[in-house]
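Engineer: Have a look at this one before I ask anything.
Protein chains: 2
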Amino acid sequence: MLSIGKLGARTGVKVPTIRYYEQIGLLAEADRSAGNQRLYDEKAVERLTFIRHARELGFPLDAIRELLSLSDQPDIPCGAADMIARRQLDAVRERMLRLKALQTELERMVAQCAHGTISDCRVIEVLGNHDLCLHPDHGH
Amino acid sequence: MLSIGKLGARTGVKVPTIRYYEQIGLLAEADRSAGNQRLYDEKAVERLTFIRHARELGFPLDAIRELLSLSDQPDIPCGAADMIARRQLDAVRERMLRLKALQTELERMVAQCAHGTISDCRVIEVLGNHDLCLHPDHGH
DNA sequence: TTACTTGCTCTAGCAACTGGAGCTTCAAGA
DNA sequence: TCTTGAAGCTCCAGTTGCTAGAGCAAGTAA
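In the order they appear, the protein sequences are chains A and B. The numbering used here numbers the first residue of the first sequence as 11 and each following residue consecutively. The numbering used here numbers the first residue of the second sequence as 11 and each following residue consecutively.
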């Protein structure tokens, strides 16, 4: 049996975060020692590893909750899990596009900042100017 | 002079968000009408447009605050603004890398989900399995 | 003038944690 | 066995960047 600290070390999740996950019901309430300290087994390691990876991959906790509940009943079709992953993939692709635009913009800024004064520095100008805006979709 | 609603419509920023920006000092306190309603001029439109673009490009409000304070005193060297842009650029490059890895992972997941049941669905498996993990850096 | 929309302030809430205060329990060395 | 220090406990507050609601006042069009 593992203490919460060991569990955190093995999974790369901080101790308060583990307690937080328990609090919001993402992890079941842990068994306790005689002195009221949480004790974990290998199943908890797996579950928390799963959560950590999913978080790293950008899944919101709600999606993870869904995924976990799915994995608890492995006989139903995996379409739901697939859909969650697809949704996530779409979001990621969009984020990538926006970040790419941002990167280009910042690179241009840095290149154009010719060590003059702010008044001729494009860092301000580019962000204030609508015509240079890569996302002219006003109504988002 | 514009009401807060018009300002929001023109800049694509929601009304409560504008009030929030004023509250945290990102926008100066607006002039008021006889009936205590906020009134804005074209300068406010520009400033808020600047903020909106910067937010879209992923700048945190602190960086925007810095940028704005720089643009308020245009005679100082732009080294500071340049530095902020560089810092932001580094952060963006890192986010891009992580997102790229994530995208690959999700694409693999979706491709491998062969419409079976959860028990043979790789979405769950991939997230639980350490060996398939693209970020084996436990620390951080 | 009467509606109706928009505005006002204030408070509370969201995600997803993070950190601190003040206390108890555990593990290891002397 | 005692002691010391790390690690655990609970509870509460704070973070970022908003968003939503209550309960009003002000502005506007018919």
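Just so it is clear, CB atoms sit at the ideal spot from N, CA and C, and this is done for glycine as well. Predicted model only: the values in this text are computed from it and were never measured.
1. Return the CA-CA distance between residue 144 of chain B and residue 61 of chain A, expressed in angstroms with no decimal places.
2. Below 9 Å between beta carbons is the criterion; list the residues of the region 92-109 of chain A that meet it against any residue of chain B, in chain order.
3. Starting from residue 25 of chain A and walking both ways along the alpha helix (DSSP H), at which residues does that stretch end?
4. Counting only Cβ pairs nearer than 8 Å, list the residues of chain A close to residue 120 of chain B.
5. Determine the extent of the alpha helix (DSSP H) in which residue 72 of chain B is found, giving its start and end residues.
6. Output the distance between the C-alpha atoms of residue 89 of chain A and residue 103 of chain A, rounded to the nearest integer angstrom.
7. When you compare the CB of residue 117 of chain B with every CB in chain A, is at least one pair closer than 8 Å?
8. Kindly indicate the opening and closing residues of the alpha helix (DSSP H) around residue 17 of chain A.
9. If we call anything under 8 Å between Cβ atoms a contact, is residue 96 of chain A one with residue 120 of chain B?
10. Taking all protein chains shown into account, decide if residue 116 of chain B is buried (16 or more other Cβ within 10 angstroms of its Cβ) or exposed.
11. From the DSSP output, read off the bridge partner residues of residue 41 of chain B.
12. Distance check for residue 46 of chain A and residue 73 of chain B, CA to CA, integer angstroms please.
13. With a 10 Å radius around its C-beta and 16 neighbouring C-beta atoms as the bar for buried, classify residue 18 of chain A as buried or exposed.
14. Buried or exposed, going by whether 16 or more other CB atoms sit within 10 Å of the CB of residue 154 of chain A?
15. From residue 114 of chain A to residue 59 of chain B, what distance separates their C-alpha atoms?
16. Looking only at its own chain, which residues have a Cβ that is under 7 Å from the Cβ of residue 75 of chain A, when we skip the five neighbours before and after it?
17. Count the other CB atoms within 10 Å of the CB of residue 107 of chain A; is the residue buried (16 or more) or exposed (fewer)?
18. Quick one: measure Cβ to Cβ for residue 25 of chain A and residue 15 of chain A, integer angstroms, because I've assumed they're closer than 8 Å.
19. Under 8 Å by Cβ, that's how I've got residue 32 of chain B and residue 40 of chain B pegged, so tell me the actual separation to the nearest angstrom.
20. For residue 64 of chain B, does the count of other Cβ atoms within 10 angstroms reach 16, so buried, or fall short, so exposed?
21. Mark residue 81 of chain B as exposed unless 16 or more other C-beta atoms lie within 10 angstroms of its C-beta, in which case mark it buried.
22. Considering only heavy atoms of the ligand NAD, does any lie closer than 7 Å to the CB of residue 106 of chain B?
Structural biologist: The short version:
1. Low local confidence applies: a pLDDT of 43 at residue 144 of chain B is under 50, so the model's placement there is unreliable, with the coordinate-based value given in what follows. In a straight line, the C-alpha of residue 144 of chain B is about 15 Å away from that of residue 61 of chain A.
2. 92, 94, 95, 96, 98, 99, 102, 103, 105, 106, 108, 109
3. 25-33
4. 92, 95, 96, 99
5. 71-82
6. 21 Å
7. yes
8. 14-21
9. yes
10. buried
11. B/49
12. 45 Å
13. buried
14. Only positions 11 to 150 of chain A appear in the structure, and residue 154 of chain A is not among them; the question remains open.
15. 19 Å
16. 36
17. exposed
18. 6 Å
19. 7 Å
20. buried
21. buried
22. This structure lacks the ligand NAD; in fact it carries no ligand of any kind.
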